[in-house]
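Please read the structure below before turning to the comments.
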Amino acid sequence: LSASHAHSLANLRKTPDEVVQELARIRAARDASGKKTLIEGGVGTAFGCTLQGEVKVEEVLRLMQALLDAGADRVSLADTVGYADPHSVSVLVEKALRIAGNKLCCGHFHDTRGLALANAYATLSLGIQRFDASLAGIGGCPHAPGASGNAATEDLAFMLEASGVRTGIDLPKLLALRQQVAGWLAGEQTNGTLWRAGLPKNFKPAI
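For the sequence shown, the positions run 73 to 279 when my numbering is used.
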């Protein structure tokens with residue numbers, strides 16, 4: 073869901089609270105089926121919105137709690153339009169952890185203003201170890217002019233490995249795949265930086 077009322081209506085044609093009600097119905101259907109599929113509730117535009125402007129921290133936290141109360145097994149925070157910075161990330165994630173604890177599982181950061189990796193690192197320093205990313209930074213948002221995609225998978229994996237965090241990703245193979253994908257998408261915008269310079273000669277994956 074989107075914490076921004078305006079973005080929620082533009083993107084989903086539902087208010088944030090109506091989306092919470094949808095999640096409650098999904099949880100009820102899952103339980104009735106006897107399956108154990110995990111349900112994750114993501115709170116988008118958690119750091120601001122191109123349509124609404126400010127999104128209050130209190131509203132983000134209220135909606136996160138509402139998702140948990142409606143039956144989400146875990147929750148995540150998303151910087152949908154690339155407004156976040158490491159300080160605002162640290163402030164919100166610390167408060168969200170007090171509500172969700174280990175159910176806060178993921179960070180989702182768009183690189184529109186070049187801060188996706190810094191924001192991911194700020195989140196990592198608070199104990200979150202899962203992040204959304206996209207190969208070559210592909211993606212965007214129809215309601216955010218000039219938006220790029222999520223953090224480039226190859227850049228994020230490199231930062232994590234260089235910082236001593238094992239990802240299980242073979243970076244040379246990932247860079248080769250990125251080159252192949254960029255060829256398939258000739259003429260489309262791709263993002264990221266590692267592919268330009270390549271891996272440092274002294275790079276050693278995390279052990």
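Glycine included, each C-beta is placed from N, C-alpha and C at the ideal position.
query	result
Nearest candidate by alpha-carbon position, reference His182, set Gln137, Phe119 and Leu266	Phe119
Contact check, Gly113 vs Leu139, beta carbons under 7 Å	yes
CB of Phe203 within 7 Å of CB of Ala192, strictly	yes
Reduced DSSP category for Leu247 - H, G, I as helix; E, B as strand; rest coil	helix
Test item: CB-CB of Leu246 and Glu226 under 7 Å	yes
Same chain, Cβ closer than 6 Å to Ala156, five either side skipped, listed in chain order	Phe119 and Asn191
C-alpha gap between Leu271 and Asp242, whole angstroms	12 Å
Assigned exposure category for Val132 - 16 Cβ within 10 Å defines buried	buried
Pair within 7 Å by beta-carbon distance, Pro158 and Ala194	yes
CB of Ser76 within 7 Å of CB of Thr117, strictly	yes
Backbone secondary structure at Ser206 - three-state DSSP	strand
Of the residues Gly255, Phe230, Lys107 and Leu207, the one placed nearest Pro277, counting alpha carbons only	Phe230
Coil, strand or helix - Asp151 by DSSP	strand
Euclidean distance between Cα positions of Gly143 and Leu95	7 Å
Same chain only: Cβ atoms within 8 Å of Leu110, ignoring 5 sequence neighbours per side	Asp145 and Arg146
Reference Pro326, options Ala101, Ile98, Val91 and Cys121, closest by Cα	With the chain represented from 73 up to 279, any question about residue 326 goes unanswered, as that position is not in the structure.
Segments assigned beta strand (DSSP E), at least 3 residues, entirely inside the segment 118-177	146-151
Under the three-state DSSP convention, the category Ser80 falls into	helix
Val127 versus Thr152 - alpha carbon distance	12 Å
Burial state of Ile210, where buried means 16 or more other Cβ atoms lie within 10 Å	buried
Span of the beta strand (DSSP E), counted from its first residue to its last, around Glu112	Glu112 to Val115
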